[in-house]
Amino acid sequence: MSVKTVAIVMDGNRRWARQNNLPFSLGHRKGVETLVEITKEAKKKKVKKLIVYAFSSENWSREKFEVNSLMNLISFGTEVKLDEIIKNEVRMEFIGDLDSIPKKAKEEVDRCVRSTKNFSDFTLVIALNYGGVWDIVNALKKISEKGETINAKNFLKFTELKGEEVEIFIRTGGEKRVSNFLLPNIGYSELFFSDKLWPDFNAKDFNAVLDDFKTRQRRFGK
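Residue numbering for the sequence shown follows the numbering used here, beginning at 320 and increasing consecutively.
Right, here's the structure in full:
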C-alpha cells in the first residue's frame, strides 16, 4: 500500500533540551536535523508529500524569547539547510497565515519556495502560523468573498491543502491529541503516536509507522 501524504506534529523539542540541560533553542535546532533526516527518508520511501507542524497559531502565547527563537530558527534552518534540500530535489511549500509572521522569516519562506518550485517528485509542506480552526474560518471567508455556495466541495477547495487527504498522522512526544492541526484533512487519517521526543525520532521509527500502516484496514465509514 503506497502512501502519498504524511503529516507530523513534531512535539518534544523543549523537553529534549530540558532533559539534556540545553537551552530550548538548541532543542529546536536538533529538531531541524531530525526533520531533514525524516524528509530524506520519506522521499526515499516514495511518499509524495510530508506536512509538518512548525509553528501553530497558538504558539504566539509562549514566552516572547521563545517565540523570537522559533522565528529566528526558521531563518536559520532555511539558510543552513536550503542547499541540502535543493540537492535532494525537495519542493518546499508553506501553509498558514504567512502575512502575519516577521518580515525576515517571510523573506526566507519566499526564498525557499522560489528556489525549489521546479521540483515535483516530493514536497515538504511546512505549516507556519497555522491552526485548523483558522483554516476552516479562512476557507469560509474566501467562499463568502467570491460569492460561492457553501458546500463541502467549495469548502475543501479553499482550505490550505485544497481538500487533500492525509493518510498518516504522526505525533511524537507521547501526547495523544491532534492539537488543531489539519482539521479539514484528517477525518480518515490513520493516527500514530510515538513516545519518542521529536529530536530522538529517526528513520527507523518512521519506517515502522509505514509498515504498521500497511496492516491497517481503511474502511472510510463503510
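We put the beta carbon where it would ideally sit given N, CA and C, even for glycine.
> From this set, D524, L401, D530, A471, which residue's C-alpha is nearest I455's C-alpha?
Replying inline: A471
- request: Might you give, ordered along the chain, the residues of its own chain that have their beta carbon closer than 6 Å to the beta carbon of S508, omitting 5 neighbours on each side?
  value: V485, F488
- Task: May I have the straight-line CA-CA distance separating K323 from K367, to the nearest angstrom?
- Result: 5 Å
Just reading off the alpha helix (DSSP H) that V351 is part of, what are its end residues?
343–363
**Study point:** Residue range of the unbroken alpha helix (DSSP H) whose run includes S463
**Key:** 451–464
*Work out the CA separation of K436 and R430 for me, nearest whole Å.*
10 Å
Item checked: For E408: DSSP bridge partner residues -> BP columns for E408 are empty, so no partner.
Item to complete: Indicate the three-state DSSP secondary structure (helix, strand or coil) for V328 in the structure shown.
Response: strand
What residue does the beta strand (DSSP E) around V322 start on, and which one ends it? Counting along the chain, V322 falls outside any beta strand (DSSP E), and DSSP gives it neither H nor E.
- [ ] Assign K365 to one of two classes, buried (16 or more other C-beta atoms within 10 Å of its C-beta) or exposed (fewer than that).
- [x] exposed
Three-state secondary structure (DSSP) of R538: coil
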